[in-house]
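Asker: Structure provided below as C-alpha cells; questions to follow.
Written out as C-alpha cells, the structure is:
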C-alpha cells in the first residue's frame, strides 16, 4: 500500500480524503486503507470530541465537508465532494431512484424509504423505520435496504442524533440521520457526470484504488468497490 500519513485531527482527515478521493472508516480487506488504521488506536472511544475519530465522523457528516455513507462493500467511509459524482454516475448507472423502481430493479422496501425524500431530510434511522412500517410485525429487511440505498448513492448520512425523552433530554445511542445527496450538495453537482459513461467513472475510481493499494489483486479491488 502507498504510505498514507498518520492522522491526528479531524482537519487532517478531511485534507487527506480531499487529496486521495475516498477512504473507508474501519478496517477492511485492503490492509492499511482505513481511518481506523491511520489513527492512534488509543484515541478511539474516549469520548473526546477533539481527538476521537468516532466523533469525527459525526462532525464531518454534519458539517458536510465530506460525504459519509456506506459505500464500500456495505461499510461506511468518506468520499470527497469532488469525487462523489464519480460514484453517483457509476453506481446509479443513469437511473434516478423512481426510474429504477419503475424498471423493476429496486424492491418495494427501498421505495418505502425513498418516498420520504425529498421533502423530509435529516431523518434519524429509527424514525424512517417507524414511518415506513418496518418491524417485527411489518416490513422486513430495513438495515439491508438502508445500506443498499447508500451503496447506490441515493442516500447519505447527514449527521447523528439521539432519542429524546418526554422532558427533552437525550438518551441512548446516537442514530444516523439520512438525506439525499442532492439535498446536501445540490442536484447539479451530484449528477454532474451523468453525461459520461458509468464504466469510465468506475475506471477512474478503480485506478485510484489500485494506485493506493499496489499489489492487491483486481478481484479484491472489485469486491471492495462493488
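Residue numbers (the numbering used here): 0 to 225. Beta carbons: idealized from backbone N, C-alpha and C, even for Gly.
#1: Beta-carbon separation of residue 189 and residue 181 under 8 Å?
#2: Measuring alpha carbon to alpha carbon, tell me which of 192, 57, 124 ends up nearest residue 112.
#3: Are the segment 17-30 and the segment 72-85 touching, with three or more C-beta to C-beta distances below 8 Å?
#4: Output the boundary residues of the alpha helix (DSSP H) element that contains residue 127.
#5: Sort 114, 213, 173, 198 by Cα distance to residue 179 and report the nearest one.
#6: Assuming residue 213 and residue 16 are in contact, meaning their beta carbons sit under 8 Å apart, how far apart are those beta carbons, in whole angstroms?
#7: Just checking, does the segment 51-61 make contact with the segment 152-167 on the three C-beta pairs under 8 Å criterion?
#8: In its own chain, which residues sit with a C-beta less than 6 Å from the C-beta of residue 87, not counting the 5 before and 5 after it?
#9: Residue 23 lies in the alpha helix (DSSP H); which residues open and close that run?
#10: Enumerate in chain order the residues of its own chain whose CB-to-CB distance from residue 108 is below 7 Å, with the five nearest sequence positions on each side excluded.
#11: Are the segment 93-105 and the segment 206-223 touching, with three or more C-beta to C-beta distances below 8 Å?
#12: For residue 226, count the other beta carbons within 10 Å of its own beta carbon; 16 or more makes it buried, fewer makes it exposed. Which is it?
#13: Quick one: is residue 223 buried, meaning 16 or more other Cβ sit within 10 Å of its Cβ, or exposed?
#14: Return the bridge partner residues of residue 74 from the DSSP annotation.
#15: Could you name the residues of the same chain whose beta carbon sits closer than 6 Å to that of residue 90, not counting the 5 residues immediately before and after it, in chain order?
#16: Reducing DSSP to helix, strand and coil, say where residue 105 ends up.
#17: If you run the structure through DSSP and keep just helix, strand and coil, what is residue 83?
#18: Could you give the distance in angstroms between the alpha-carbon of residue 131 and the alpha-carbon of residue 110?
#19: So, for residue 127: in the same chain, excluding its five sequence neighbours on each side, which residues have a beta-carbon less than 7 Å away from its beta-carbon?
#20: Reducing DSSP to helix, strand and coil, say where residue 133 ends up.
#21: Once you ignore the five residues that flank residue 155 on each side, which residues in its own chain have a CB closer than 6 Å to its CB?
#22: If you reduce the DSSP assignment to three classes, tell me which class residue 161 lands in.
#23: Identify whether residue 204 lies in helix, strand or coil by the three-state DSSP scheme.
#24: Measure how close the beta-carbons of residue 35 and residue 45 come, nearest whole angstrom, since I'm counting them as under 8 Å.
Answerer: Quick answer:
#1: yes
#2: 124
#3: yes
#4: 124-130
#5: Out of 114, 213, 173, 198, the CA that lies nearest to the CA of residue 179 is found in 114.
#6: Residue 213 to residue 16, Cβ: 20 Å. No contact.
#7: yes
#8: 152, 189
#9: From DSSP, residue 23 is part of no alpha helix (DSSP H) but of the beta strand (DSSP E) over 21-23.
#10: Counting only Cβ-Cβ distances below 7 Å, and skipping sequence neighbours, we find 138, 140, 144.
#11: no
#12: Not covered by the structure: residue 226. The range shown for the chain is 0 to 225.
#13: Its Cβ being crowded by 16 or more others within 10 Å, residue 223 is buried.
#14: 71
#15: 151, 152
#16: coil
#17: helix
#18: Rounded to the nearest angstrom, the two C-alpha atoms are 10 Å apart.
#19: 112, 115, 177
#20: strand
#21: 66, 68, 180
#22: Taken through DSSP and simplified to helix, strand or coil, residue 161 comes out as strand.
#23: Reduced to three states, the DSSP call for residue 204 is helix.
#24: Rounded, the Cβ-Cβ distance is 14 Å, inconsistent with contact.
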